[in-house]
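Trainee: Taking full-length UniProt numbering, I'd label the letters of the sequence shown as residues 1 to 276.
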Amino acid sequence: MGYSQQDAQEFLRYLLEGLHEDVNRVTTRPKPILTEIDDNLSDTAKANEAWSRYVRMEDSRVGDIFMGQLKSTLRCTHCKHDSVTFDPFWDLSLPIPSRTGNLKLQQCLQHFVREEELDGDEKPTCSKCGVRRKCLKWFTVQKFPKVLVLHLKRFSPTERFRGKLNVLVEFPLNGLDMSPLSANNTTATYNLYALSNHSGTTYSGHYTAYCKHPYSGDWHEYNDSRRTCCSTNWLTTPSRPSRLHNGTTTEQRRRRGVQNTRADCCRYTNMRHDLM
Ligand SMILES: [Zn+2]
1 MGYSQQDAQE FLRYLLEGLH EDVNRVTTRP KPILTEIDDN LSDTAKANEA WSRYVRMEDS
61 RVGDIFMGQL KSTLRCTHCK HDSVTFDPFW DLSLPIPSRT GNLKLQQCLQ HFVREEELDG
121 DEKPTCSKCG VRRKCLKWFT VQKFPKVLVL HLKRFSPTER FRGKLNVLVE FPLNGLDMSP
181 LSANNTTATY NLYALSNHSG TTYSGHYTAY CKHPYSGDWH EYNDSRRTCC STNWLTTPSR
241 PSRLHNGTTT EQRRRRGVQN TRADCCRYTN MRHDLM
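Following this line, the structure appears as structure tokens:
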């Protein structure tokens, strides 16, 4: 990767996929199954079939930890038929639905699973009607990973030329409830254990990371070769680029200096259980 500028999310994906490839339990790839999954199956059966087709080719300890399954639903507005597809994911890239003010992470999550209307040139072909129809499309999570990586799209392609989205996004340290995104009413709660922050502009910047120690529970800041201990209170001080808050002080978030210290949090990782 040399000295060129890299995006933290792209790098993490590159790293995870590389590690996954190296420890893939499937050493001789079988022929891929190219037939469509039977449309008459239940959604759960379709999801299971899609998953087993995936792990038939891609099966590793890295995937066991980080891989989830996303459900995409396309509903024909004419005949109401739902056509569903299931895809594995390493991380979820969340839109930031505002250019100003403060947001909560939950608002980004809600925006991610919102219904989108596909009309005009985007009209898909309904598999039941057999012609192009106006459809509604939305995402839900079929299978939650053990470690969930969330990426905030501060540099979405359409925003790249307009600069970075510096909106402050607040998120819980513990008990992030992902259940509203579940496709099948699964309960999923995550605790934060690491995040990376980007400071700078679209064209150049610097990444720092915060991680929670697996045994002591202490937080550490990683900045190039420097490692510093920090408490969650320290993490919430306004002079720092990150804006973390914990459950006990949810209503007492420190807001002083917010104008000058917009969160640069670009990607962070949550865990269902405290720590591995
Ligand atoms: Zn239809």
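Beta carbons are placed, not taken as given, at the ideal position from N, Cα and C, and that holds for glycine.
Is the beta carbon of histidine 81 within less than 6 Å of some heavy atom of ligand 1?
Mentor: yes
Trainee: I think leucine 181 touches threonine 140, with their Cβ atoms under 8 Å apart; what is that distance to the nearest whole Å?
Mentor: A Cβ-Cβ distance of about 6 Å is found for the pair leucine 181 and threonine 140, placing them in contact under the 8 Å criterion.
Trainee: Cα separation between serine 98 and glutamine 110?
Mentor: 13 Å
Trainee: I'd like to know if the segment 174-189 and the segment 137-153 are in contact, where contact means that at least 3 CB-CB pairs between them fall below 8 Å.
Mentor: yes
Trainee: Relative to ligand 1, is the shortest distance from any of its heavy atoms to the C-beta of cysteine 129 smaller than 6 Å?
Mentor: yes
Trainee: Less than 7 Å between the beta carbons of valine 62 and leucine 16, yes or no?
Mentor: yes
Trainee: Does valine 84 come out as helix, strand or coil in the three-state DSSP assignment?
Mentor: Correct three-state label for valine 84: strand.
Trainee: Taking the alpha-carbon of asparagine 20 as reference, which of Asp224, Leu173, Asp38, Trp90 has the nearest alpha-carbon?
Mentor: In the sequence as presented, asparagine is not what sits at residue 20; that position holds histidine. Comparing alpha-carbon positions, the option among Asp224, Leu173, Asp38, Trp90 lying closest to histidine 20 turns out to be Trp90.
Trainee: Is the segment 202-217 touching the segment 68-77 in the sense that three or more CB pairs, one from each, lie closer than 8 Å?
Mentor: no
Trainee: What residue from Leu70, Lys153, Pro95 has the CA that sits closest to valine 84's CA?
Mentor: Leu70
Trainee: Pull up the distance between the alpha-carbon of cysteine 135 and that of tryptophan 51, whole angstroms please.
Mentor: 26 Å
Trainee: Is arginine 132 near ligand 1, with its Cβ less than 6 Å from a heavy atom?
Mentor: no
Trainee: Might you give, ordered along the chain, the residues of its own chain that have their beta carbon closer than 8 Å to the beta carbon of threonine 100, omitting 5 neighbours on each side?
Mentor: Val167
Trainee: Work out the CA separation of methionine 67 and isoleucine 33 for me, nearest whole Å.
Mentor: 20 Å
Trainee: In the DSSP assignment, the beta strand (DSSP E) including histidine 220 goes from what residue to what residue?
Mentor: 219-223
Trainee: Whose CA, out of Asp59, Arg114, Gly130, lies closest to the CA of leucine 94?
Mentor: Arg114
Trainee: Measuring only from the beta carbon, is cysteine 126 closer than 6 Å to any heavy atom that is part of ligand 2?
Mentor: Ligand 2 is not among the ligands present in this structure, which contains only ligand 1.
Trainee: Would you say isoleucine 96 and lysine 146 are within 7 Å of each other, going by their C-beta atoms?
Mentor: Going by C-beta atoms, isoleucine 96 is not nearer than 7 Å to lysine 146.
Trainee: Helix, strand or coil, according to DSSP, for threonine 208 in the structure here?
Mentor: Three-state DSSP puts threonine 208 in a strand.
Trainee: Helix, strand or coil for tryptophan 138, going by three-state DSSP, please let me know.
Mentor: strand
Trainee: Could you name the residues that DSSP lists as bridge partners for aspartate 177?
Mentor: Thr189
Trainee: In its own chain, which residues sit with a C-beta less than 8 Å from the C-beta of valine 23, not counting the 5 before and 5 after it?
Mentor: Only Ser60, Arg61, Val62 meet the Cβ criterion.
Trainee: Kindly indicate which three-state DSSP category histidine 111 falls into: helix, strand or coil?
Mentor: helix
Trainee: Using DSSP's beta-bridge definition, name the partner residues of asparagine 166.
Mentor: Looking at the DSSP assignment, asparagine 166 forms no beta bridge with any residue, so it has no partner.
Trainee: With a floor of 4 residues, list each alpha helix (DSSP H) that falls wholly inside the segment 31-113, ordered by position along the chain.
Mentor: 43-57, 61-66, 105-112
Trainee: Pick from Gly18, Leu173, Gly205, Phe112: whose alpha carbon is nearest that of tryptophan 219?
Mentor: Leu173
Trainee: Name the residue from Val149, Asn102, Leu41 whose alpha carbon lies nearest to the alpha carbon of asparagine 191.
Mentor: Val149
Trainee: Below 6 Å CB to CB, which residues in the same chain sit around asparagine 102 once its five sequence neighbours on both sides are set aside?
Mentor: Leu168
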